[in-house]
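The opening position of the sequence shown corresponds to residue 928 in our numbering, with each subsequent residue numbered one higher. Virtual Cβ for every residue (Gly too), placed ideally from N, Cα, C. Bear in mind that the values here come from a model prediction, so they are computed numbers and not experimental data. Below is one structure, written out as structure tokens, with a few remarks after it.
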Amino acid sequence: KKLGLHHVAVDMKRLASDRMQRVYPFFDQPFAVASAYALFDISKVAARHMKVVLTGDGGDEVFAGYDYKHQPFYQHPLLRWVPPMLNPVMKAMLKLIPFAKAKAMLDDLKLSNGDRFLNRSRIFTPAEALHLIHASLHHLIDTNRFKRQVDLIFGRMKHLPIVRQLLIADLQTFLKSEMLYKVDRMTMANGIEARVPLLDHELVELAFGIPLPLLRNDNQGKILLRNMVAAFLPTIASREKTGFNTPRQT
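Below, the structure written as structure tokens:
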């Protein structure tokens, strides 16, 4: 009401197997993002009133909104200020601490930024994922393709701050092949076109020139966007990030 918009609530029913069978063929390939089903239902309602819709895709990737992936230092807090040249010294010291936390910190020191990105982003290891596919198809699958892509991306960005590296990696991987693919498929399946204003190239270029402390800190992401929205919707601007999930049967 405050913005003069007409708000429509969609009652999401739990995800049933027959509904999955209706929606899944629109992907034309294996796709494991459950929020697609909620997006399909919303697109179906929107198609009754309009042919073009705007979405917020890209906001998290451009303005550092993912807490679990875009933490500024991406390491255990005790290791934040340790220069890479001192890693061997830290490794020797941590071996003297008989705690599980010390082992986790030690393991973290062994990882490249690309490997940390992979660990935060995937559910299964390549070997585990292979078990989901029939054995007769294993020889056709390159299980290291995504890792090579990630290593190539991070290899080109060593001169950038770690948060910048994470944002660019997200833009070039998950946003492109997962989020935008999902939006395009689910909206077009209902005969409407989705546009993504937050991915306007001039806005993205502007965002990547903004100092990182204005985008996120240890506790919160999308600070700049939150401050802009606070003038109109203060309650929404201050709430925790909530994922766009589909209710599922358990």
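message: Judging by CA-CA distance, which residue of Asn1172, Ala1164, Leu1160 and Thr1173 is the nearest neighbour of Lys928?
response: The residue you call residue 928 lines up with position 1 of the sequence shown. Looking only at Asn1172, Ala1164, Leu1160 and Thr1173, the smallest Cα-Cα distance to Lys928 is reached by Leu1160.
- prompt: Exposed or buried, which one is Arg1112 when buried takes at least 16 other CB atoms within 10 Å?
  reply: Sequence index remark: in the sequence shown, residue 1112 carries index 185 (1-based). With 16 or more other Cβ atoms within 10 Å, it is buried.
- prompt: Would a C-beta distance cut-off of 7 Å place Val960 and Lys1074 closer than the cut-off?
  reply: Counting from 1 along the sequence shown, the entry for residue 960 is found at position 33. Counting from 1 along the sequence shown, the entry for residue 1074 is found at position 147. Against a cut-off of 7 Å, the Cβ pair of Lys1074 and Val960 comes out as no contact.
query: Does DSSP put Glu1167 in a helix, a strand or coil?
result: Along the sequence shown, one-based indexing puts residue 1167 at 240. Looking at Glu1167 - three-state DSSP - the assignment turns out to be coil, as it is neither helix nor strand.
message: Do Glu988 and Leu1102 count as a contact pair if the criterion is CB distance below 7 Å?
response: As a first step, residue 1102 must be located in the sequence shown, where it is residue number 175. As a first step, residue 988 must be located in the sequence shown, where it is residue number 61. In contact: Leu1102 and Glu988 (Cβ atoms closer than 7 Å).
- request: Please classify Phe1159: does DSSP put it in a helix, a strand, or coil?
  value: The count along the sequence shown starts at 1 and reaches residue 1159 at position 232. Correct three-state label for Phe1159: coil.
query: Under 7 Å between the Cβ atoms of Lys1149 and Gly992?
result: On the sequence shown, position 222 is the one that residue 1149 refers to. On the sequence shown, position 65 is the one that residue 992 refers to. Contact flag set, yes.
- prompt: Is the beta carbon of Ser962 sitting closer than 7 Å to the one on Thr1173?
  reply: Counted from its first residue, the sequence shown places residue 962 at position 35. Counted from its first residue, the sequence shown places residue 1173 at position 246. In contact: Ser962 and Thr1173 (Cβ atoms closer than 7 Å).
- request: Would you mind working out which of Arg1049, Thr1052, Met1084 and Gly1041 sits nearest Val1077, comparing C-alpha positions?
  value: As a first step, residue 1077 must be located in the sequence shown, where it is residue number 150. Nearest of Arg1049, Thr1052, Met1084 and Gly1041 to Val1077, Cα basis: Gly1041.
- request: Determine the contact status of Leu966 and Pro1124, defining contact as a CB-CB distance below 7 Å.
  value: The residue you call residue 966 lines up with position 39 of the sequence shown. The residue you call residue 1124 lines up with position 197 of the sequence shown. Remark: C-beta atoms of Leu966 and Pro1124 do not approach each other more closely than 7 Å.
- request: In angstroms with no decimal places, state the Cα-to-Cα distance between Leu1107 and Ala1121.
  value: The residue you call residue 1107 lines up with position 180 of the sequence shown. The residue you call residue 1121 lines up with position 194 of the sequence shown. Distance between the alpha carbons of Leu1107 and Ala1121: 10 Å.
query: Mind checking Thr1114: buried by the 16 CB within 10 Å criterion, or exposed?
result: By 1-based counting over the sequence shown, the position of residue 1114 is 187. So Thr1114 counts as buried.
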